[in-house]
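Since the structure comes first, as structure tokens, the remarks are kept for the end.
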Amino acid sequence: MKRYQILFPLFIFIIMLIAACKEDKLSPINDDGHAPKAIANIEVENIAGGAKIKYSPPDDNNLLYVKAVYNLKGVKMEAKASYYKNFIVIEGFGDTNEREISLYAVSRSEKLSEAVNVKIKPLPAPVYNVFNSLKIQETFGGILISFENLSALNGGVNTNVVIGALLWDTKLNEWKSIDIHYSGLVNETYSIRGLASNPYKFGFYLKDRWDNHTDTLKVELTPIYEVALDKAKWADLKPKNYPIPQIGVLPASGNPMVLAVDYSSSYKVTNLWDNKPTTLYHTKQAVEQPVWIPIDLGVTAKLSRYKIWQRGTSTYAFNHGNPHEWEIYGTNTPSIPDSWVLLEHRIMEKPSGLPVGTNSNDDIAIAEAGQEYDFPLGIPAVRYIAWKHIDCWAAIEGQSGFLHLGELSLWGQLK
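So in full-length UniProt numbering, spot 75 of the sequence shown is number 75, and the numbers just go up one at a time.
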């Protein structure tokens with residue numbers, strides 16, 4: 001009974017305390033009742049799709065941020081800059097009309113200063129500059145699209161773009177979407193493949209995250225004929241032990257270039273052409289570079305392009321044993337070392353230009369999608385090729401290293 005007498009008053013006290021807490025309302029930590037002074041010394045720098053507005057913030061310990069209020073396509077928008085900055089960026093405009101921006105200093109208690117109104121006149125939005133730089137041309141099995149986005153060079157605002165590709169459907173008499181490409185790079189060339197060698201009418205438009213749209217660029221092109229080489233006919237040529245041509249870049253030690261050795265039976269060279277980018281080919285580590293990896297294609301073809309898939313995940317992309325520099329040779333008589341001819345030399349470039357070990361979203365997306373490269377025009381038709389691995393991303397220009405790669409695909413014209 002005594003226990004009940006003690007607990008019951010305690011229970012009533014807790015209920016009253018909860019009720020009292022519910023009546024409390026949150027209020028600013030520093031509510032001293034005054035609004036900050038307005039910002040001063042305003043300078044406007046018009047930029048692509050917006051403006052960068054510099055100012056002197058008020059000398060007020062209670063200042064929390066500076067706010068810009070403006071109208072974007074009929075919608076009231078706000079941009080904010082913290083108290084330790086002396087500029088604010090306005091973005092998202094799709095035209096170059098003059099606009100008025102209202103700027104406020106805001107206290108920690110969310111009290112606004114008097115408005116300071118300024119005029120801005122945005123430069124053309126990045127989508128329009130990118131649109132004007134578009135270059136479209138036919139290539140093997142499709143088309144190549146190239147562009148420049150100079151606004152991205154200085155980390156400009158609103159620089160990511162979406163490029164939409166359309167194909168005119170002659171039966172339905174209407175446009176249909178065939179590709180959507182996203183990019184924040186300064187310049188890029190990418191392809192749309194898988195098209196027959198027929199004349200097509202293409203359309204291209206750009207938009208940004210603010211839904212600013214360009215017109216549609218229309219072109220008529222005929223892709224160049226090619227076919228994908230059947231990987232079921234490929235074979236590892238290393239067991240034949242044909243002599244290796246000691247040409248081009250060779251081991252710095254003066255030793256002859258040798259055949260690549262598989263890391264293990266789980267990472268064999270045939271994984272390169274099993275149509276599974278996640279089943280890895282991996283060579284022995286810490287061996288002298290370059291190494292020689294010969295392949296029998298099973299058919300004779302004039303090669304047009306190839307595509308490689310790096311070892312996956314963001315950790316390995318443009319890093320570790322993924323190829324950095326290589327050459328591809330070809331021949332029809334692998335038993336004769338002097339018959340091998342250089343078909344392609346390539347140094348892989350990271351799209352973002354960031355240091356090894358640091359990747360942007362574009363870097364990761366491009367590596368995961370696979371990277372395509374064209375062979376030079378005028379190369380001879382060959383049945384046998386050799387991948388000459390010169391160095392990897394973890395050992396650029398190194399005397400020793402290794403290679404891992406997820407998949408290799410080839411296209412060309414059969415002979």
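C-beta atoms are modelled at their ideal positions from N, C-alpha and C, and glycine is treated no differently.
Opening and closing residue of the beta strand (DSSP E) in which N46 lies: Translated into positions along the sequence shown, residue 46 becomes position 46. Here the beta strand (DSSP E) through N46 covers 40–47.
Give me the DSSP bridge partner(s) of E138. Position 138 of the sequence shown, counted from the first residue, corresponds to residue 138. In the DSSP output, where bridge partners are listed per residue, E138 has I143.
Among the residues of its own chain, which have a CB less than 6 Å from the CB of Q310, if the five just before and after it don't count? Counting from one through the sequence shown, the residue named residue 310 turns up at place 310. So the qualifying residues of the chain are A317, N322, A367.
Report yes if the CB atom of I42 is closer than 7 Å to the CB atom of Y55, and no otherwise. Position 42 of the sequence shown, counting from 1, holds the residue named residue 42. Position 55 of the sequence shown, counting from 1, holds the residue named residue 55. Their beta carbons are under 7 Å apart, which means I42 touches Y55 by this criterion.
Taking all protein chains shown into account, do 16 or more other C-beta atoms lie within 10 angstroms of the C-beta of R209, making it buried, or fewer, making it exposed? Sequence index remark: in the sequence shown, residue 209 carries index 209 (1-based). By the 10 Å Cβ count, R209 comes out exposed.
Going by Cα to Cα distance, which pick from D95, Y128, P58 is closest to L103? On the sequence shown, position 103 is the one that residue 103 refers to. L103 has its Cα closest to that of P58, out of D95, Y128, P58.
Below 8 Å, can you find three or more Cβ-Cβ pairs linking the region 175–191 to the region 232–251? no
Cβ contact (3+ pairs, closer than 8 Å) linking the region 272–288 and the region 395–407: yes
What do you get for D338, buried or exposed, if any count of 16 or more other CB atoms within 10 angstroms of its CB means buried? Position 338 of the sequence shown, counted from the start, is the residue given in the question as residue 338. Counting Cβ neighbours within 10 Å, D338 comes out exposed, since fewer than 16 surround it.
Would you list, in sequence order, the uninterrupted alpha helix (DSSP H) runs of no fewer than 4 residues that lie entirely inside the UniProt domain "DUF5000" (274–412)? 361–369
Beta-bridge partners of E110, as assigned by DSSP: Start at 1 with the first residue of the sequence shown, and residue 110 comes out as number 110. In DSSP, E110 forms no bridge with anything.
Delimiting residues of the beta strand (DSSP E) encompassing residue 458: Look at the range of the chain in this structure, 1 to 415, and you will see that residue 458 is not part of it.
For Y242, which residues does DSSP report across the bridge? Counted from its first residue, the sequence shown places residue 242 at position 242. Looking at the DSSP assignment, Y242 forms no beta bridge with any residue, so it has no partner.
For N319, which residues in the same chain have their Cβ closer than 7 Å to its Cβ, ignoring the five residues on either side in sequence? Residue numbering aside, residue 319 sits at position 319 when the sequence shown is read from its first letter. Taken in chain order, the residues that qualify are V356, G357, W393, A394.
Put Y267 into one of helix, strand or coil per three-state DSSP. Your numbering for residue 267 matches position 267 in the sequence shown. If DSSP states are grouped into helix, strand and coil, Y267 belongs with the helices.
Can you give me the start and stop residues for the alpha helix (DSSP H) that F131 sits inside? Start at 1 with the first residue of the sequence shown, and residue 131 comes out as number 131. Where F131 is concerned, the enclosing alpha helix (DSSP H) stretches over 126–133.
What are the boundary residues of the beta strand (DSSP E) that N212 is part of? On the sequence shown, position 212 is the one that residue 212 refers to. Unbroken run through N212: none, as it is neither H nor E.
Cα-Cα separation between Y242 and W326, rounded to whole angstroms: Here residue 242 is taken as the residue at index 242 of the sequence shown, counted from 1. Here residue 326 is taken as the residue at index 326 of the sequence shown, counted from 1. One C-alpha to the other measures close to 20 Å.
With respect to the beta strand (DSSP E) encompassing H181, which residues constitute its N-terminal and C-terminal limits? Here residue 181 corresponds to residue number 181 of the sequence shown, with the count starting at 1. Note, H181: beta strand (DSSP E), 174–183.
Closer than 7 Å by C-beta to T159: which residues in its own chain qualify, once you throw out the five before and the five after it? Chain order, please. Stepping through the sequence shown from its first residue, residue 159 is reached at position 159. Excluding sequence neighbours, T159 sits near P126, N149, S151, A152, G184.
Residue range of the beta strand (DSSP E) that M77 falls in? On the sequence shown, position 77 is the one that residue 77 refers to. Start and end: 75–82.
Using three-state DSSP, classify A232 as helix, strand or coil. As a first step, residue 232 is located in the sequence shown; it is residue number 232 there, counting from the start. Three-state DSSP puts A232 in a helix.
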